[in-house]
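Asks:
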Amino acid sequence: MVDFQGIINGINATAAKTDNRGLCATYIPELAKVDLAKFGIHLINIQQQSFSSGDSDERFSIQSISKVFTLSMALGLVGEKLWQRVDVEPSGDPFNHLSLLEMENGIPRNPLINPGAIVVADILVSLLENPKEDFLAYVKNLANDDSINYDEEVARSEKMTGFRNYAAANLLKSYKNLVNDVDTVLDFYFHQCSISMSCAQLANAFFMFINHGKCKKNNTFLTTRQVKRINSLMLTCGFYDEAGEFAFEVGLPGKSGVGGGIVALLPNKFCVATWSPGLNAKGNSKLGMLALERLTTQTELSIF
Ligand code: DON
């Protein structure tokens, strides 16, 4: 059996010695306050054994990682007709770019870039009786952890500076690909992004993506086919214009967030979450990517 704990301890020791950690996101003012020295990693295997090192129990802002949860909730509720409003192609563009949206008549390239996630948020706002409460309950259920919550300071902070997301939502509205009003949808979107979770909580919540849609408690959230769809989107679109590099270096489907978190997974084997708040130029966690490259190199486990 692979010595996950030994490998993860080595990764944490290397991270602790690394000076060049990238920079915290500053366009959401609350995120700029986070300590750059933090590093955490938590891995859970298909047998539900957990391995962790560093700040793996400290909560951080999951940001775009939440797009995977909204997508899975929406896909579970509406099924395949979701793809009429959002495409499944990699964008090759940064997460907040809008030019393709205009060229492609208001159909976002995929659900993991901001405009695509805003469409998914709109779908949930239409379907759920109490969107914020119901979505939070869904994430708590997935992670089997009742203590997960929104960070109202982070949500408020992004609302004050989320000019590009307002632009995206208005553009979607002009193409009639947003049913609800812009402020309602963005309030939901800023809240989903503000959820605070630790590496351990994220790895637990992503367990269903390695286990054919069944969470750790064996409740079914998605079908095997739906999990295949979401994992494929994480592989091709989970890291924006760095998706190719992530597949090349790490070789796993995954999703990053500008809070510095990354979750990556190997179906039927393991899922892993890392956190280091310093980002590289593409907005993905610098040490997180290096850590996951070491993990798949040293374990010789990747989808390739
Ligand atoms: O909408 C935004 O810009 C942020 N709430 C989320 C962006 C993000 O996490 C991109 N990820 N790497």
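Sequential numbering from 0 applies to the sequence shown in numbering that gives the first Met the number 0.
Built from N, CA and C at the ideal position, the CB exists for glycine as well.
1) Please return the same chain residues whose Cβ sits closer than 7 Å to the Cβ of Asn210, not counting the five positions on each side in sequence.
2) Spell out the partners DSSP gives Gly53 in its beta bridges.
3) Taking just the CA atoms, how far does Ile10 sit from Pro110?
4) Who are the Cβ neighbours of Ala154 in its own chain at under 7 Å, not counting the five residues just before and after it?
5) For a test of your reading of the model: does the CB of Cys192 fall under 7 Å from any non-hydrogen atom of the ligand DON? Yes or no.
6) Using a 10 Å radius around the Cβ and a threshold of 16 neighbouring Cβ atoms, would you call Gln200 buried or exposed?
7) When you compare each of Asp121, Asn279 and Leu170 to Met102 by their alpha carbons, which one comes out closest?
8) Along the chain, where does the alpha helix (DSSP H) that runs through Ile229 open and close?
9) For the beta strand (DSSP E) containing Gly260, list its first residue and its last residue.
10) How would you call Asp150, buried or exposed, if buried means at least 16 neighbouring beta carbons within 10 angstroms?
11) Buried or exposed: Gly78, going by 16 or more other Cβ atoms within 10 Å of its Cβ?
12) Less than 8 Å between the C-beta atoms of Leu275 and Lys285, yes or no?
13) Alpha carbon to alpha carbon, what distance is there between Ser173 and Arg293?
14) Straight-line CA distance for Thr13 to Asp34?
15) Tell me the DSSP secondary structure of Ser98 in three-state form.
16) Inspect the CB distances between the region 115 to 123 and the region 71 to 90 and report whether three or more fall short of 8 Å.
17) So, Ile61 versus Gly258, is the Cβ gap smaller than 8 Å?
18) Ile27 and Glu157 - do their beta-carbons sit closer together than 8 Å?
19) Can you find a heavy atom of the ligand DON that lies under 7 Å from the Cβ of Val33?
20) As a quick exercise: from Ser90, Gly161, Phe187 and Pro114, pick the residue whose alpha carbon is nearest that of Glu128.
21) As an exercise, report each continuous alpha helix (DSSP H) stretch of at least 4 residues that is fully enclosed by the region 52 to 126, in chain order.
22) Do the CB positions of Pro130 and Ala167 come within less than 8 Å of each other?
23) Using a 10 Å radius around the Cβ and a threshold of 16 neighbouring Cβ atoms, would you call Gly256 buried or exposed?
24) Below 8 Å between beta carbons: does that hold for Leu141 and Phe68?
25) Looking at the structure shown, is Asn143 part of a helix, part of a strand, or coil, going by DSSP?
26) Using C-beta distances below 6 Å, list every residue in its chain close to Val1, excluding the 5 sequence neighbours before and after it, in chain order.
27) Let me check understanding here. Comparing Cα to Cα, which of Ser63, Leu22 and Met196 lies closest to Glu57?
Replies: Once the coordinates are examined:
1) Ile45, listed in sequence order.
2) Gly39
3) 31 Å
4) Phe189, His190 and Ser193
5) yes
6) buried
7) Nearest Cα to Met102 within the set Asp121, Asn279 and Leu170: Leu170.
8) Thr223 to Cys236
9) Gly260 to Leu265
10) buried
11) exposed
12) The amino acid at residue 275 is misidentified as Leu; the sequence shows Ser. Against a cut-off of 8 Å, the Cβ pair of Lys285 and Ser275 comes out as a contact.
13) 45 Å
14) 18 Å
15) helix
16) yes
17) Remark: C-beta atoms of Ile61 and Gly258 approach each other more closely than 8 Å.
18) yes
19) no
20) Considering only alpha carbons, the answer is Phe187.
21) Entirely contained in the region 52 to 126, the alpha helix (DSSP H) runs reaching 4 residues are, in chain order, 65 to 77, 98 to 102 and 113 to 126.
22) For Pro130 and Ala167, no; Cβs fall outside 8 Å.
23) buried
24) yes
25) Three-state DSSP puts Asn143 in coil, outside helix and strand.
26) Excluding residues within five positions, the ones whose Cβ falls inside 6 Å are Thr298.
27) Met196
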